[in-house]
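Chemist: One structure is given below, represented as structure tokens, and several questions about it will come after.
In my numbering, the protein residues as written are 722 to 1015.
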């Protein structure tokens, strides 16, 4: 539940960027939560004040774990807030006096309802992206990945604006931020947005306080599941055959049979080839010493 913000509240926005935002690619959620706590404590030390509220974006499982850890009155309240990117798939660009908003749907794109009508016979005029049931019916094969990526970027931008701007009462207004990242430049738009540049809203709001970024991909870290991500990602040329034996064994130890099948891995390792019976007998005979044979 969003709290009423006061000037004295220290509210921290924890944005999970890149792979840290997708629990599918988290090997160790406890360790990721440790990093989030590390950032929250640093913010508290910088402000010389206890944290009142924490708002988590992108990774719901992380928010649940932090809520469990902070289950006491002396700890901050934790809430999760992210907007559904599917709502923005039909959003065109907007231009007006002193503002320009990037579009998700380009000039040659077709509204999702019309795509669904042509492919599945639904009523295009009744198809509504603000309706969760309609969003759940979307056939993603009909959408270009670039359009999906733009919709996700707009959802993040709109989420950040609502967290930073105290005009919105659906979420606690953040004064400071912790940006968890995977060591790449994915998610850097979050830092740009915190500085007051947000191409997805008409008039961007700058984060009022400080922010810090924390990596979940340091040298000895085992927090992120890079092997799984690289095999599943359309951005990567890595195939399951390219993984090392150790990576394959690790995936088999952690993932379900369905997940392994999706990756193209058998749940069980193939047994080593046994020698033919005659060969086995010959091998045993060769190991018998003359004294034993007598």
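Glycine included, every Cβ here is placed at the ideal spot set by N, Cα and C.
On the CB-based measure, 16 or more other CB atoms within 10 Å of its CB, does residue 780 come out buried or exposed?
Modeler: Burial call: buried.
Chemist: In the DSSP assignment, what are the bridge partners of residue 778?
Modeler: 736.
Chemist: Would you kindly work out how many angstroms separate the C-alpha atoms of residue 858 and residue 832, rounded to a whole number?
Modeler: 14 Å
Chemist: Here's a check: name, in chain order, each residue in its chain whose Cβ is nearer than 7 Å to the Cβ of residue 851, leaving out the five neighbours to either side.
Modeler: 808
Chemist: Let me know the secondary structure DSSP gives residue 815 once reduced to three states.
Modeler: strand
Chemist: Please classify residue 984: does DSSP put it in a helix, a strand, or coil?
Modeler: Correct three-state label for residue 984: helix.
Chemist: Please report the Cβ distance between residue 799 and residue 788, rounded to the nearest whole angstrom; I am assuming they are in contact, meaning their Cβ atoms lie under 8 Å.
Modeler: Their Cβ separation, rounded to whole angstroms, is 4 Å, which keeps residue 799 and residue 788 in contact under 8 Å.
Chemist: Does the distance from the C-beta atom of residue 934 to that of residue 901 stay below 9 Å?
Modeler: yes
Chemist: Smallest Cα separation from residue 804: which of 821, 876, 756?
Modeler: 876
Chemist: Determine the extent of the beta strand (DSSP E) in which residue 901 is found, giving its start and end residues.
Modeler: Residue 901 -> beta strand (DSSP E) spans 897-902.
Chemist: Nearest by alpha-carbon distance to residue 777: which of 754, 763, 768, 948 is it?
Modeler: Closest by alpha carbon: 754.
Chemist: Take residue 845 and list the residues in its own chain whose beta-carbon comes closer than 6 Å to its own, dropping the five residues that flank it on each side.
Modeler: 834, 835, 838
Chemist: Just checking my contact of residue 740 with residue 746 at CB under 8 Å: how many whole Å lie between their CB atoms?
Modeler: Correct: roughly 5 Å between the Cβ atoms.
Chemist: Tell whether a beta-carbon distance below 9 Å holds between residue 898 and residue 863.
Modeler: Contact: no.
Chemist: If we ignore side chains and look at the alpha-carbon of each, how far apart do residue 733 and residue 970 end up?
Modeler: Near 39 Å, if we compare the C-alpha coordinates of residue 970 and residue 733.
Chemist: According to DSSP, what are the bridge partners of residue 952?
Modeler: DSSP lists no partner for residue 952.
Chemist: Just confirm the distance between the C-beta atoms of residue 952 and residue 984, as a whole number of angstroms; I'd bet it's less than 8 Å.
Modeler: 6 Å
Chemist: Look up residue 859 in the DSSP assignment and say whether it is helix, strand or coil.
Modeler: coil
Chemist: CB residue 921 to CB residue 874, shorter than 9 Å?
Modeler: yes
Chemist: Could you give the DSSP three-state label for residue 755: helix, strand or coil?
Modeler: helix
Chemist: Whose CA, out of 948, 906, 973, lies closest to the CA of residue 963?
Modeler: Comparing Cα-Cα distances from residue 963 to each of 948, 906, 973, the minimum goes to 948.
Chemist: Among the residues of its own chain, which have a CB less than 8 Å from the CB of residue 748, if the five just before and after it don't count?
Modeler: 943, 944, 945, 946, 975
Chemist: Quick one: residues in its chain with C-beta nearer than 8 Å to the C-beta of residue 744, no 5 flanking neighbours on either side, listed in chain order?
Modeler: 750, 780, 781, 782, 783
Chemist: I'd like the list of long-range same chain contacts for residue 815, defined as Cβ closer than 6 Å, with 5 residues on each side in sequence excluded.
Modeler: 822
Chemist: Determine the DSSP secondary structure at residue 934, reduced to helix, strand or coil.
Modeler: In the three-state scheme derived from DSSP, where H, G and I count as helix and E and B as strand, residue 934 is classed as strand.
Chemist: Would you give the residue range spanned by the beta strand (DSSP E) that residue 800 belongs to?
Modeler: 798-801
Chemist: Can you check the segment 876-925 for any alpha helix (DSSP H) of at least 4 residues that lies completely inside it and give the ranges in chain order?
Modeler: 909-915
Chemist: Alpha helix (DSSP H) containing residue 969: first to last residue?
Modeler: 966-975
Chemist: For the beta strand (DSSP E) containing residue 822, list its first residue and its last residue.
Modeler: 820-822 is the span of the beta strand (DSSP E), which, as asked, contains residue 822.
Chemist: Which whole-angstrom value is the C-beta distance of residue 860 and residue 914, which I expect to be below 8 Å?
Modeler: Not really, about 31 Å apart at Cβ, beyond 8 Å.
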